[in-house]
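Residue numbers (the numbering used here): 17 to 250.
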Ligand code: MN3
């Protein structure tokens, strides 16, 4: 994973001509296997409690990775040749098991990176802030739209800020473990960052108060990672 890599390394990865690296998808392709969590379970307290993080990472996310491996095997995908991003882009060709678990594994692999220890979060870069102001009016307006997408997602799913083909940022939400890279998605684009609004992501601490979880989440957002990702996606 790319945790801890400097911006110059990310840029170098993004500029590599390897067919496995899609400049418009990821600064570094997301591996098929679950990677170590880049911080301790308690690192995101008080916004997200340690027990929620431990169960989320060791049970929920680990299961997506395990089930993805089974689907990859059963459906004869050569993971050394097909990037996870490419798989998601043609997910309509595969089973529901592949869709749910490739999405689940990919979304969580990114989600851990979208967060950082409380108090260490920074701010959007000048370039990202310019795009936010252009496409939403202000950072607060973007946050409101994102929060509404998370609150309004009925049942389980994700809220996202995506970079669309036309170069503009937008806020969307996807059901279950779908994401905007999937060919079956109503809202397509490159995910810049996103938030898990499944109950398993917040219920121990917040119970039915999903809006409180969403509000608290902004205190642990990892702008450094997102800034580098925005540069690599552009
Ligand atoms: Mn989850």
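Beta carbons: idealized from backbone N, C-alpha and C, even for Gly.
- For residue 72, the distance from the CB to the nearest heavy atom of the ligand MN3 is below 8 Å.
- With a cutoff of 9 Å on beta-carbon distance, residue 249 and residue 155 are scored as not near each other.
- With fewer than 16 other Cβ atoms inside 10 Å of its own Cβ, residue 106 counts as exposed.
- Bounds of any beta strand (DSSP E) do not take in residue 149; it lies within the alpha helix (DSSP H) bounded by 142-152.
- With contacts defined as CB atoms closer than 9 Å, residue 185 and residue 242 fail to qualify as a contacting pair.
- For residue 197, there is no enclosing beta strand (DSSP E), as DSSP gives it neither H nor E.
- Beta-bridge pairing by DSSP links residue 207 to 178.
- If you look at residue 185, you'll find it isn't in any alpha helix (DSSP H); it sits in the beta strand (DSSP E) that goes 185-191.
- For residue 123, the closest C-alpha among the options 50, 134, 239, 153 is that of 50.
- When distances are taken from the beta-carbon of residue 81 to the heavy atoms of the ligand MN3, even the shortest one reaches 8 Å or more.
- Secondary structure at residue 156: helix, using DSSP grouped into helix, strand and coil.
- In the DSSP annotation of this structure, the continuous segment of the alpha helix (DSSP H) that includes residue 221 starts and ends at 219-222.
- Taking residue 125 as the centre and dropping the five residues before and after it, the same chain places the C-beta of 46 closer than 6 Å to its C-beta, in chain order.
- Three or more beta-carbon pairs separated by less than 8 Å link the stretch 231-242 to the stretch 124-139, which places the two stretches in contact.
- Distances taken from the Cβ of residue 217 to the heavy atoms of the ligand MN3 include one shorter than 8 Å.
- Counting along the chain, the unbroken alpha helix (DSSP H) around residue 121 starts and ends at 112-129.
- Using a cutoff of 8 Å, the CB of residue 124 counts as near the ligand MN3, since one of the ligand's heavy atoms is closer than that.
- It is roughly 7 Å from the alpha-carbon of residue 117 to the alpha-carbon of residue 193.
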